[in-house]
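Numbering follows UniProt numbering, in which position 29 of the sequence shown is assigned residue number 29; successive positions increment by one, without gaps. One structure is given here, and the rest of the page talks about it.
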Amino acid sequence: MDRETLDEAYRRCFPMIREKCARMLADPDEAQDVAQETFIRLWQNGLAGSDPRTVTAWAYRTSTRLAVDRLRQRKRIANTSLPLEVESPGPDGVLEARWELERLARTTPPRELEAAILQRFDRLGQLEIAGILGASERTVRRLLERFDRRRAEEVGV
């Protein structure tokens, strides 16, 4: 893989990856670190010369996993059962959703959480999620159903 190919992948994907991580982590510096780590791994795995869709899906999936790992490492414990999807993105609503996301990162299987993040935070459809996860739409639907069932059990619905 050459430097020019990596630079092109960086220009094409980095802003999207950084913004997604910033929404998840509520910390622009940490989001920048995760986005940069994603591209270090892209370089190490030699994917920069691949099809642009493959690179984008890989970078999206890897950055989501890295951000979830960061959330798991945080020591804060949220004692709320607020919905993951925030209707009003005001400062309080965003903060509450992030606390909930940190809690979910500790209690939800990684693939299930990843599908839910892509649907709820990034507002992607099942077909798009399937492409990013490298799974079928049916698998994505099942992951989201399990996630919703688990959340309903947690809040006693």
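For glycine and all other residues, C-beta sits at the position ideal for the given N, C-alpha and C.
With a 10 Å radius around its C-beta and 16 neighbouring C-beta atoms as the bar for buried, classify residue 106 as buried or exposed.
-> Here residue 106 is taken as the residue at index 106 of the sequence shown, counted from 1. So residue 106 counts as exposed.
Pairwise C-alpha distance: residue 18 and residue 6 = To locate residue 6, count along the sequence shown from 1; it is residue 6. To locate residue 18, count along the sequence shown from 1; it is residue 18. Straight-line Cα distance between these residues: approximately 16 Å.
Hey, does residue 38 have any beta-carbon neighbour from chain C nearer than 9 Å?
-> Checking the listed chains, one finds no chain C in this structure; it contains a single protein chain.
What's the call for residue 64, buried or exposed, on a 16-neighbour Cβ count within 10 Å?
-> Along the sequence shown, one-based indexing puts residue 64 at 64. Buried, by the Cβ-count rule.
Can you list the alpha helix (DSSP H) stretches of 4 or more residues lying completely in the stretch 84-144, in chain order?
-> 91-107, 110-120, 126-133
Contact check, residue 39 vs residue 22, beta carbons under 9 Å | As a position in the sequence shown, residue 39 is number 39, starting the count at 1. As a position in the sequence shown, residue 22 is number 22, starting the count at 1. Not closer than 9 Å, so no.
Flag this pair as yes or no: are the beta carbons of residue 166 and residue 131 separated by less than 9 Å?
-> Since the first residue shown for the chain is 1 and the last is 157, residue 166 is missing from the structure and cannot be characterised.
Nearest-angstrom Cα distance between residue 135 and residue 30?
-> Locating residue 135 in the sequence shown gives position 135, counting from the first residue. Locating residue 30 in the sequence shown gives position 30, counting from the first residue. Looking at the two C-alpha atoms, the distance is approximately 29 Å.
DSSP three-state call for residue 65: helix, strand or coil?
-> As a position in the sequence shown, residue 65 is number 65, starting the count at 1. Helix, per DSSP.
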